[in-house]
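Novice:
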Amino acid sequence: MQFTAKFEYLDEIRDFVGDIARTGGFNDKDVYNIQLASDEAASNIIEHSYEGVSDGVLEISCGLKGGTITIILVDHGESFNPSEVPMPNLKADLSERKIGGLGLFLMRKLMDEVHYEADAKNNRNTLTLIKRKG
Amino acid sequence: MEIKVQEFKHCDMITVKGRVDSSTAPQLAQALEAANDGGKYKLVVDMENLEYMSSAGFRALLAAQRNSKKYNRGEVVLASVPDRIREALELAGFTELFKTFDDALAAVGHF
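Sequence order for the protein chains is A and B.
Counting in the numbering used here, the first sequence runs from 1 upward without gaps.
Counting in the numbering used here, the second sequence runs from 1001 upward without gaps.
1. Which of helix, strand or coil does DSSP assign to A/G67?
2. Using a Cβ-Cβ distance under 8 angstroms, would A/G56 count as near chain B?
3. Applying a beta-carbon distance threshold of less than 7 angstroms, which residues of chain A neighbour B/R996?
4. Would you mind giving the Cβ-Cβ distance between B/E1096 and B/K1042, rounded to the nearest angstrom? I have them listed as a contact below 8 angstroms.
5. For the candidate residues B/E1090, B/I1003, B/G1093, B/T1015, whose alpha-carbon lies nearest to that of B/Q1027?
6. Would B/I1014 pass as a contact of B/D1037 if the rule is Cβ separation under 8 angstroms?
7. For A/Q35 and A/L10, what's the separation of their Cα atoms in angstroms?
8. Name the DSSP beta bridge partners of B/Y1041, please?
9. With C-beta atoms as the reference, is A/I72 less than 8 angstroms away from A/A5?
10. Suppose contacts are defined by Cβ-Cβ distances below 8 angstroms. Is A/I60 in contact with A/I130 by that definition?
11. Closest Cβ-Cβ distance between B/K1069 and chain A: below 8 angstroms?
12. Which residues mark the beginning and the end of the beta strand (DSSP E) in which A/D11 is found?
13. Taking only runs of the beta strand (DSSP E) that begin and end inside the region 67-126 of chain A, which ones reach a length of at least 3 residues, in chain order?
14. Taking just the CA atoms, how far does B/S1022 sit from A/S43?
15. Over the uninterrupted alpha helix (DSSP H) stretch that includes B/L1061, give me the two end residues.
16. Determine the direct distance from the alpha carbon of A/P86 to that of B/A1060, and round the result to whole angstroms.
17. Would you decide whether A/E113 is buried or exposed? Buried here means 16 or more other CB atoms lie within 10 Å of its CB.
18. A/G103 CB to nearest chain B CB: under 8 angstroms?
19. For a contact meaning CB atoms closer than 8 angstroms, what does A/S40 contact in chain B?
20. Can you tell me which of the three DSSP states B/R1084 falls into?
21. Determine the chain A residues that contact B/M1073 at a beta-carbon separation under 9 angstroms, and present them in chain order.
22. Would A/N125 and A/D75 qualify as a contact pair, given that the criterion is a beta-carbon distance under 8 angstroms?
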């Protein structure tokens, strides 16, 4: 599925992955968390990869295989290095709490696997989210 | 997403319905800022009919909590937080930054 990389399509993106997760027999809690992780992934791409770009395209594919859901998000914007994204300090008090990096942190917590690949030659960034049932 | 603001004697209540994501979070942030700008720092966010909140919503809550707690002039508390949203807030380490109440009445009574 192709989506315009704009925040107003997040609803459709969540519905798209949610329907497939439900078809795959994931329970309500897992469906919510898969939708949240996908939203955080798409939001990061829209906000960062396509920063200042109004007509970016976000391709999302979603597959089920033996109790595992795999969501692949492909964009053609700026790449990033996940290892350079600071982990949020969850123990920091209110005044020091930073919100940056929270999206990636949540993706990693909510899913079993998160992979990122930046193919600079073909200007293609691929973010893969994997969750196994149960 | 729908937002309703009610004034009580000792606090204001902001009721959020529907889904808060990167698209709608700015509206929530605006409502919270408008309350702060109007001198209201004791705020209840009623989440009873909230279906969904991403980290964009957490960011709006965090900004409001920071501003409201300045000079000990108030705080933002959360009421009727749905299970899924509570779990995500916990993962993000946000439950330590906000008092939560089982229902709106208890939250209003806190002030």
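For each residue, glycine too, the CB sits at the ideal point set by N, CA and C.
Every value quoted in this text rests on a predicted model; they were computed, and no experiment measured them.
Specialist: According to the structure shown:
1. Here A/G67 sits in coil by DSSP.
2. So, not an interface residue.
3. Any question about residue 996 of chain B goes unanswered here, given that chain B covers just 1001 to 1111.
4. Between B/K1042 and B/E1096 the Cβ distance is about 20 angstroms, and since that is not below 8 angstroms, they are no contact.
5. Closest by alpha carbon: B/I1003.
6. B/D1037 sits away from B/I1014, with the two beta carbons spaced by 8 angstroms or more.
7. Near 10 angstroms, if we compare the C-alpha coordinates of A/L10 and A/Q35.
8. According to DSSP, B/Y1041 bridges with nothing at all.
9. Contact: no.
10. Inclusion of A/I60 and A/I130 in the CB contact set at 8 angstroms is not warranted, their separation being larger than that value.
11. Contacts with chain A at 8 angstroms (Cβ-Cβ) include B/K1069.
12. In the DSSP annotation of this structure, A/D11 is not part of any beta strand (DSSP E); the continuous alpha helix (DSSP H) holding it starts and ends at 10-23.
13. 68-75, 113-119, all fully within the region 67-126 of chain A.
14. Roughly 7 angstroms separates the two Cα atoms.
15. That run of the alpha helix (DSSP H) goes 1055-1069.
16. Computed Cα separation, rounded: 20 angstroms.
17. Burial is judged here by how many other beta carbons sit within 10 angstroms of a residue's own beta carbon; A/E113 has fewer than 16 and is exposed.
18. Yes, A/G103 counts as interfacial toward chain B.
19. The sequence shown places Glu at residue 40 of chain A, rather than the Ser named in the question. Per Cβ cutoff of 8 angstroms: S1054, S1055.
20. In the structure shown, B/R1084 falls within a helical segment according to DSSP collapsed to helix, strand and coil.
21. The question names Met, but residue 1073 of chain B in the sequence shown is Arg. Simply none; closest approach about 14 angstroms.
22. If you check the CB distance, A/N125 and A/D75 come in under 8 angstroms.
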